[in-house]
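First the structure, in the form of structure tokens, and then the observations on it.
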């Protein structure tokens with residue numbers, strides 16, 4: 003599974019992700035700049051925030067209330083913002099573009 | 584000290600290394616660099632027979648592994664040596680998923696957006712404290728600045744009366760210096776009493792502060808109890824006291840000894856952010872304990888249920904497998920890796936606030952006192968243990 007990330011510097015990085023891991027885990031495992039994931043994926047830090055482009059955004063399960071609450075307090079939040087620890091890699095996401103925000107703080 | 588007298592049977596001799604976290608001969612005035620000699624002299628993961636006997640984890644990746652594995656390494660006991668009735672710190676001494684509702688309730692108050700809104704007030708605190716010493720040409724940075732500033736910021740946010748600053752500070756010191764069960768319990772009790780007074784006051788008469796808002800928290804759909812509030816306030820209190828204070832003190836001691844760096848940061852204040860991050864890497868001050876929950880092997884050593892484990896977070900930042908030339912202070916590093924705020928489910932809730940406080944303190948200090956140095960002939964003694972603190976830092980400058 004190829005996942006395309008765009009770093010805060012605007013650089014495109016493509017990584018091989020495993021089905022079932024999260025977009026955050028795939029990024030961290032491959033050292034992608036811009037996904038900090040300080041809490042390791044337990045939904046308590048909001049530093050794995052990124053923008054998911056269409057058409058992929060619509061294919062992802064909607065946000066839980068907790069993810070919404072956490073995103074409320076993140077920086078640079080847009081309508082296509084998600085916490086990448088909450089988005090599992092599925093076959094439908096083939097070719098997805100995940101853009102990281104200018105910063106996570 | 585003979586191994587057979589002091590170490591349990593399951594510990595192989597090859598991983599025993601005698602180290603006293605509460606005061607070891609290896610530790611010098613240059614505390615962090617002297618601690619780093621463990622990377623050279625001791626096994627990556629070792630058992631020290633001191634203080635009841637416990638494991639020490641010294642490498643970045645291993646620390647990361649332990650703090651992100653609550654199934655094997657629990658936070659429910661955080662005292663070394665172990666005590667009979669360990670205090671409950673919510674959410675610090677709760678393993679996931681129990682800690683998560685509390686973290687999520689607290690998170691908004693420490694989130695980047697909230698913290699950014701506090702900046703003008705925090706800046707004002709910094710300016711007042713620096714201006715109070717500026718004309719003197721000297722100060723004890725610990726006593727006059729670093730122990731006052733972050734604590735004042737924190738107390739203001741919580742809604743604690745600032746005139747009780749000294750009392751709070753003294754109580755926090757007493758707690759961190761406690762060794763016996765009785766002292767830990769007595770000092771913790773005093774902190775809880777101070778907190779309870781504040782909670783009751785704010786419950787009766789809410790203000791626009793964190794304690795007032797906390798009294799309205801809902802945890803899993805029910806109102807928060809007084810006991811939970813006491814516990815949360817206590818850990819936020821202790822966390823706000825001894826962390827930013829100590830990192831800032833070590834960082835300013837470094838800066839006082841490097842005139843070129845002072846000049847550079849004055850000329851390029853945008854580099855202060857990197858200076859803070861490199862400072863966090865170089866001068867972590869918290870070692871975080873865990874309790875082993877079951878018998879298993881990892882890192883090539885046998886862990887047994889009930890063993891205590893201490894993650895040396897400051898050593899994670901000085902790990903040469905992660906950071907090239909780790910004892911060199913270099914604000915131009917491409918990437919700065921550390922676990923000073925821990926990681927995983929207990930990642931320091933206040934990390935954004937801590938970074939902001941230190942950045943503002945440095946900015947405002949250098950605007951007023953761009954050139955300063957250590958006062959000659961003074962000692963730099965540290966209090967060591969699970970929290971490491973510089974006891975004093977006499978500085979001087981021309982006025």
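Chains as they are written, first to last, in my numbering: chain X, 3 to 107; chain C, 584 to 982. Every residue gets a Cβ at the ideal spot worked out from N, C-alpha and C, and that includes glycine. Computed from a predicted structure; not experimentally measured.
Sub-8 Å separation of residue i and residue j beta-carbons
i: residue 58 of chain X; j: residue 95 of chain X; result: yes
i: residue 977 of chain C; j: residue 717 of chain C; result: no
i: residue 767 of chain C; j: residue 892 of chain C; result: no
i: residue 650 of chain C; j: residue 968 of chain C; result: no
i: residue 692 of chain C; j: residue 736 of chain C; result: no
i: residue 99 of chain X; j: residue 82 of chain X; result: no
i: residue 638 of chain C; j: residue 599 of chain C; result: no
i: residue 633 of chain C; j: residue 608 of chain C; result: no
i: residue 3 of chain X; j: residue 29 of chain X; result: no
i: residue 48 of chain X; j: residue 103 of chain X; result: no
i: residue 590 of chain C; j: residue 876 of chain C; result: no
i: residue 913 of chain C; j: residue 861 of chain C; result: yes
i: residue 777 of chain C; j: residue 758 of chain C; result: no
i: residue 108 of chain X; j: residue 89 of chain X; result: In the structure displayed, chain X extends from 3 to 107; residue 108 of chain X sits before or after that span and is not available.
i: residue 732 of chain C; j: residue 944 of chain C; result: yes
i: residue 628 of chain C; j: residue 884 of chain C; result: yes
i: residue 684 of chain C; j: residue 802 of chain C; result: yes
i: residue 555 of chain C; j: residue 713 of chain C; result: Since the first and last residues shown for chain C are 584 and 982, residue 555 of chain C lies out of range.
i: residue 679 of chain C; j: residue 44 of chain X; result: yes
i: residue 710 of chain C; j: residue 895 of chain C; result: no
i: residue 879 of chain C; j: residue 655 of chain C; result: yes
i: residue 775 of chain C; j: residue 808 of chain C; result: no
i: residue 964 of chain C; j: residue 974 of chain C; result: yes
i: residue 819 of chain C; j: residue 741 of chain C; result: yes
i: residue 34 of chain X; j: residue 9 of chain X; result: yes
i: residue 755 of chain C; j: residue 825 of chain C; result: yes
Range covered by the alpha helix (DSSP H) that runs through residue i
i: residue 833 of chain C; result: 827-839
i: residue 615 of chain C; result: 614-624
i: residue 16 of chain X; result: Per DSSP, residue 16 of chain X belongs to no alpha helix (DSSP H); it is in the beta strand (DSSP E), 14-18.
i: residue 30 of chain X; result: 25-31
i: residue 986 of chain C; result: Since the first residue of chain C shown is 584 and the last is 982, residue 986 of chain C is not available in this structure.
i: residue 650 of chain C; result: 643-650
i: residue 685 of chain C; result: 683-693
i: residue 797 of chain C; result: 793-797
i: residue 856 of chain C; result: 855-865
i: residue 983 of chain C; result: Because chain C spans 584 through 982 in this model, residue 983 of chain C falls outside it and cannot be assessed.
i: residue 985 of chain C; result: Residue 985 of chain C lies beyond the range of chain C shown here (584 to 982); nothing can be said about it.
Beta strand (DSSP E) segment containing residue i, residue limits
i: residue 762 of chain C; result: Here residue 762 of chain C belongs to no beta strand (DSSP E), and DSSP marks it neither H nor E.
i: residue 711 of chain C; result: Note, residue 711 of chain C: premise wrong, no beta strand (DSSP E); alpha helix (DSSP H) at 702-717.
i: residue 879 of chain C; result: 879-881
i: residue 8 of chain X; result: 4-8
i: residue 873 of chain C; result: 871-875
i: residue 978 of chain C; result: 977-979
i: residue 101 of chain X; result: 99-101
i: residue 599 of chain C; result: Run containing residue 599 of chain C: none; DSSP gives neither H nor E here.
i: residue 639 of chain C; result: 637-640
i: residue 629 of chain C; result: 628-631
Three or more C-beta pairs below 8 Å linking the stretch 693-701 of chain C and the stretch 61-78 of chain X: yes
Interfacial residues, the stretch 30-58 of chain X to chain C, with Cβ spacing under 8 Å: 40, 41, 42, 44, 45, 46, 47, 48
At least three beta-carbon pairs within less than 8 Å, the stretch 864-879 of chain C to the stretch 942-954 of chain C: no
Every unbroken alpha helix (DSSP H) within the stretch 47-82 of chain X, with a cutoff of 4 residues, ordered by chain: 67-74
Inter-stretch contact at 8 Å, needing at least 3 Cβ pairs: the stretch 801-815 of chain C / the stretch 672-687 of chain C: yes
Beta strand (DSSP E) runs wholly inside the stretch 883-907 of chain C, at least 3 long, in chain order: 884-886, 891-894
The stretch 614-621 of chain C contacting the stretch 842-859 of chain C, beta-carbon criterion three pairs below 8 Å: no
Chain C contacts made by the stretch 63-77 of chain X, where a contact means CB separation under 8 Å: 68, 71, 72, 74, 75, 76, 77
Contact set between the stretch 688-721 of chain C and chain X, restricted to residues whose Cβ is under 7 Å from the partner: 690, 691, 694, 695, 696, 697
Selection of the stretch 806-822 of chain C by Cβ proximity to chain X, strictly under 7 Å: none
Three-pair Cβ contact test at 8 Å for the stretch 720-734 of chain C versus the stretch 830-840 of chain C: yes
contact_flag[the stretch 937-948 of chain C, the stretch 700-714 of chain C] where n(CB pairs < 8 Å) is 3 or more: yes
Interface residues of the stretch 913-927 of chain C facing chain X [CB-CB below 8 Å]: 924, 926, 927
Interface positions of the stretch 95-107 of chain X facing chain C (Cβ-Cβ less than 7 Å), listed along the chain: 107
Continuous beta strand (DSSP E) assignments of at least 3 residues falling wholly in the stretch 714-744 of chain C: 721-723
Residues from the stretch 638-672 of chain C in contact with chain X, defined by Cβ distance under 8 Å: 651
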